[in-house]
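Okay, structure first, notes after.
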Amino acid sequence: MNSGRLVRIYLLLLVFITTFGGLLFWGIYQQTLNTIVSELKLESNILINQLTKQISLAFIEIHSDLLYIIEQQEIRGLNSEKTTSIKIDHIQESWKSLVLQRKRYDQIRFLDYTGQERIRVNYNNGNPIVIEDEYLQSKKHRYYFTESINTPPGTIYSTQLDLNIENQQIELPLKPTIRFASPVYDNNSKTIGVVILNYLADNILNEFRRISAGFAGNAILLNWQGYTLLSPESAQDWGFMFPDSPQTGINVQHATAWHTIQQLNRGQEINQHGLYTFDSINPSGNKLDSYCASCLRVLLQIPKELIDARLWRQLASSVHLLGTTLIILFIVLAIAIWNREKRNLNERQLQNLNKRISHEHDLFLSGPSIIAKLRNELGWPVEFISSNITDFLGYEPDKFTTGELTFSNLIDPDYLQQYSQENIQADRNRATDFKRSPYKIIDHANKHKWVQDTTHLIRDEFGKLTHYFIHISDITHLKKVEEQLTESHNYIQRVIDAIADPTLVIDVNTHQLKLANQSAINLYTNDKQLKEGVTCYRLTHKRNTPCSGKHDPCPITEILKTKHTVSAVHKHYDSEGRVMHVDVRATPIFDESGENLVQIIESHRDITDTVKMEKQLQYIAETDRLTQIYNRTKFDEELKKQIAWASLANQNFGLIMLDLDHFKDVNDNHGHDTGDKVLKSTVELLHNRIRKSDILARWGGEEFMIIAPQIQQDDMFAMLESLREAIEGIDHEHAGTVTASFGATILTPNDNIQSLLKRVDMALYRSKNSGRNRCTIL
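Take 39 as the starting number for the sequence shown in the numbering used here and just add one per residue.
This is the structure we're talking about:
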């Protein structure tokens with residue numbers, strides 16, 4: 039075997055696998071990065087929608103309270119001469135009740151058109167008090183009075199979110215406040231003053247903290263100028279309220295992202311520092327404009343370090359699997375190349391041996407023939423012998439005819455009994471002639487020669503055997519050739535027996551085996567030797583007809599077409615009936631002309647473990663480790679197939695997305711082991727309840743996808759409700775009851791994967807925002 043050639047092949051193989059592995063890793067890296075960014079964008083969008091919605095709801099409640107107050111008849115009559123202390127007392131008691139009930143207003147004030155406080159109720163930490171007249175102040179120069187007194191009827195004015203200031207000092211402990219104001223008109227539509235609510239913004243700040251607590255990145259609340267009101271770096275919050283402190287904000291720390299935020303009120307941006315998701319809120323409920331001093335901005339920032347960390351966590355298993363696969367692939371290919379080179383060498387040796395044997399067949403020529411007549415007496419006296427006996431044995435003919443020598447004197451003593459027994463048996467059988475078994479005779483120089491004769495039996499009129507007429511042929515050379523052939527055959531047998539892989543020599547016309555090495559005999563039979571006439575398909579396939587078709591193509595048929603070596607993967611059965619996957623390599627053997635195919639040499643390599651490993655690797659690549667159902671990659675493939683099939687067959691299918699509600703709480707409160715059990719129980723329930731034609735996959739985390747072929751909307755809604763109620767009915771150990779939200783949609787003719795996934799995601803989002811534990815179909 040040429041070791042230098044093998045080294046070159048192995049180096050080229052190593053370069054190829056390394057290059058292939060690098061390209062494959064780059065593709066996996068890019069796909070994983072895009073997937074992670076998409077997931078983070080989706081998570082950020084969901085979270086920022088929750089935050090802005092919660093804050094907006096809080097502001098709507100404030101608007102409702104404020105509009106309710108200014109519509110009170112007592113308030114509208116405060117400028118009348120008929121205003122009595124009883125009406126004022128009634129207003130004060132009403133406001134005390136409101137601040138106590140709401141627990142979100144630090145002050146409710148009524149300022150008349152001159153800016154003088156006329157009524158003021160303080161929350162006073164849950165013990166509301168009415169401020170006496172002597173302590174009421176004039177606010178005519180405060181910006182919130184001058185700006186709100188001139189607003190149109192029914193509109194709401196709001197200040198920016200800042201820290202409350204009392205007596206020219208920031209109140210301690212810090213009291214974040216937004217002032218909401220609306221003008222009050224009397225019954226003649228004349229402005230008589232404004233009502234101002236000092237809203238305790240800790241309510242929305244605490245809600246902001248609660249909702250964003252599980253967010254992997256930074257959740258930040260900004261004012262319109264870009265200064266932080268609430269952020270992970272709490273030391274920088276409210277910096278704009280303290281002129282002596284360093285004035286650092288998002289506009290400085292994240293200048294690139296801030297430029298985008300200023301141009302757009304809502305959006306996402308990804309740059310070298312990470313992913314930014316932002317939105318804007320106007321506390322007054324008015325439309326956002328280019329400058330809105332009181333407006334708030336919500337910013338979610340996921341640093342690039344977190345994205346990279348998540349990326350490499352997900353890539354770790356892929357890299358390990360890829361590396362292992364490439365190493366295994368290299369080893370398998372290296373072994374295959376080595377075996378191929380070894381097989382080629384052995385096949386060349388076999389071909390050379392066959393040529394040698396074919397050449398040796400030409401040596402089978404008949405030697406000189408001797409004719410003799412023997413009497414059926416002791417020693418078989420010779421009555422006649424041909425003259426060429428002299429050239430053959432060195433004896434003169436008269437030595438025999440005179441009786442000096444008998445025919446028994448020529449026969450090797452070891453063969454005398456054989457010779458005599460054959461004569462007796464022929465006489466008993468009343469044979470007229472027979473061909474004797476080869477035997478040895480001794481010449482004049484005491485050398486042994488092999489001969490074989492054809493004997494005719496001569497009887498008298500009574501049927502008694504009297505003479506033998508023999509025709510003797512010198513087969514010494516033939517015997518030598520036979521010995522050489524036997525030695526060559528044994529050598530060929532030893533050569534193919536030395537081949538580790540099962541090897542067969544097959545007649546192309548009869549499919550019968552001409553040779554089989556010991557490895558093949560041991561593998562396919564329980565016999566010590568191969569039975570004569572057995573065919574290749576009977577030995578390996580345990581069948582009575584030649585193999586054929588796509589899965590078991592017949593190598594003989596293929597070689598007859600191509601005249602070249604062919605390879606195929608067959609399913610064979612060993613001596614115990616066990617199934618094996620075998621790599622069959624068949625090489626043609628031609629006759630002397632080189633045109634006619636007479637035999638093939640088949641070499642079998644057991645690749646059962648390789649096939650099993652390929653299937654196992656495919657299963658690992660397609661299956662979610664925890665739940666043993668399809669993973670997201672396999673689901674994407676199935677979804678593409680379903681869309682293609684639906685387009686071809688003019689059919690539809692339903693796509694269902696479900697998410698376990700508040701599943702993070704299960705993990706946080708009971709641990710990930712309990713969470714894993716909940717996921718497994720849920721998957722088992724889904725498997726038992728969906729149809730056999732439905733496809734279930736884990737989309738990610740606690741989210742699952744179901745493809746439901748050929749389903750109508752009514753049936754799908756019934757299916758969703760059944761699954762939802764079943765999930766809700768499980769009492770999980772430790773975790774208790776867990777609910778699920780469902781979103782679903784049905785394929786339309788214009789749908790693609792992106793539009794279908796977007797619509798089912800919107801349906802799930804609608805279920806979540808409607809209170810969870812419900813189903814939505816879009």
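Every residue, glycine too, gets a C-beta built ideally from N, C-alpha and C.
Source: prediction; values computed, not measured.
Here's the rule: buried if 16 or more other CB atoms are within 10 angstroms of the residue's CB, otherwise exposed. What is residue i?
i, result
"Pro-626", "buried"
"Tyr-668", "buried"
"Phe-402", "In this prediction, Phe-402 scores a pLDDT of 32, lower than 50, which makes its location untrustworthy; the coordinate-derived value is nonetheless stated afterwards. It is exposed - the Cβ of Phe-402 has fewer than 16 other Cβ atoms within 10 Å."
"Asn-72", "exposed"
"Gly-809", "exposed"
"Gln-130", "buried"
"Leu-737", "One detail in the question is off: residue 737 reads as Trp in this sequence, not Leu. Classification of Trp-737: buried, given that the 10 Å Cβ count is 16 or more."
"Asp-565", "exposed"
"Arg-381", "buried"
"Gln-339", "buried"
What do you reckon, are the CB atoms on residue i and residue j nearer than 9 angstroms?
i, j, result
"Leu-149", "Ile-187", "yes"
"Asn-790", "Ile-681", "yes"
"Ile-716", "Ala-624", "According to the sequence as given, residue 716 is Val; it is not Ile. Against a cut-off of 9 angstroms, the Cβ pair of Ala-624 and Val-716 comes out as no contact."
"Ile-803", "Ala-372", "The sequence given here places Tyr at residue 803; Ile does not occur at that position. No, the Cβ-Cβ distance between Tyr-803 and Ala-372 is not below 9 angstroms."
"Leu-334", "Ser-322", "no"
"Leu-724", "Leu-761", "yes"
"Ser-407", "His-549", "no"
"Leu-78", "Asp-799", "no"
"Ile-749", "Asn-707", "no"
"Leu-495", "Tyr-477", "no"
"Val-546", "Ile-513", "no"
"Leu-136", "Gly-231", "no"
"Leu-243", "Leu-260", "no"
May I ask which residues mark the beginning and end of the beta strand (DSSP E) holding residue i?
i, result
"Asn-256", "256–261"
"Asp-545", "541–545"
"Met-4", "Residue 4 is absent from the structure shown; the chain starts at 39 and stops at 816."
"Lys-478", "477–480"
"Arg-114", "It is not in any beta strand (DSSP E) - Arg-114 instead sits in the alpha helix (DSSP H) that spans 111–114."
"Asp-317", "312–319"
"Leu-5", "Since the first and last residues shown for the chain are 39 and 816, residue 5 lies out of range."
"Tyr-611", "604–611"
"Phe-628", "617–628"
Would you please state the rounded distance, in angstroms, between the beta carbons of residue i and residue j? I believe it to be under 8 angstroms.
i, j, result
"Tyr-195", "Ser-220", "7 angstroms"
"Gly-417", "Ser-446", "4 angstroms"
"Pro-341", "Gly-361", "Contact flag wrong, Cβ pair sits at about 29 angstroms."
"Ala-239", "Leu-199", "5 angstroms"
"Ile-815", "Met-754", "7 angstroms"
"Asp-644", "Val-620", "6 angstroms"
"Gly-277", "Ser-283", "5 angstroms"
"Leu-326", "Asn-289", "The pair is not a contact, with the Cβ atoms about 18 angstroms apart (cut-off 8 angstroms)."
"Gln-145", "Asn-205", "With 8 angstroms as the limit, Gln-145 and Asn-205 do not qualify as a contact, their Cβ atoms being about 14 angstroms apart."
"Ile-768", "Ser-719", "6 angstroms"
Please report the residue range of the alpha helix (DSSP H) in which residue i lies.
i, result
"Leu-523", "514–536"
"His-708", "701–708"
"Trp-683", "670–687"
"Pro-593", "593–600"
"Cys-813", "Where Cys-813 is concerned, there is no enclosing alpha helix (DSSP H), although the beta strand (DSSP E) it sits in stretches over 813–815."
"Glu-131", "123–140"
"Arg-810", "Where Arg-810 is concerned, there is no enclosing alpha helix (DSSP H), given that its DSSP letter is neither H nor E."
"Arg-643", "It is not in any alpha helix (DSSP H) - Arg-643 instead sits in the beta strand (DSSP E) that spans 635–644."
"Gln-339", "Looking at the DSSP string, Gln-339 is not in any alpha helix (DSSP H); the run it does join, the beta strand (DSSP E), is 334–341."
To which residues of the same chain is residue i closer than 8 angstroms at the C-beta, ignoring the five residues directly before and after it?
i, result
"Ile-583", "Just to set this straight, residue 583 is Thr in the shown sequence, not Ile. So the qualifying residues of the chain are Tyr-575."
"Tyr-182", "Tyr-195, Thr-197, Arg-217, Ala-219 and Ile-234"
"Glu-432", "One detail in the question is off: residue 432 reads as Gly in this sequence, not Glu. The residues are Asp-481, His-482 and Ala-483."
"His-486", "Asp-450, Lys-478, Ile-479 and Ile-480"
"Asp-452", "Lys-478"
Going by beta carbon distance, what residues of the same chain come within less than 7 angstroms of residue i, once the five residues before and after it are set aside?
i, result
"Gln-92", "Glu-245 and Ile-249"
"Lys-796", "none"
"Asn-225", "Arg-114"
"Ile-395", "Legend: pLDDT at Ile-395 = 45, less than 50; position of this residue unreliable, value from coordinates given subsequently. Taken in chain order, the residues that qualify are Leu-523 and Ser-526."
"Arg-348", "Ile-74"
"Glu-740", "Asp-697, Leu-698, Phe-701 and Leu-717"
"Asn-241", "Ala-96 and Arg-142"
Quick one: what's got a C-beta closer than 6 angstroms to residue i's C-beta in the same chain, skipping five residues either side?
i, result
"Lys-177", "Leu-149, Gly-153 and Phe-183"
"Lys-125", "Glu-112"
"Tyr-329", "none"
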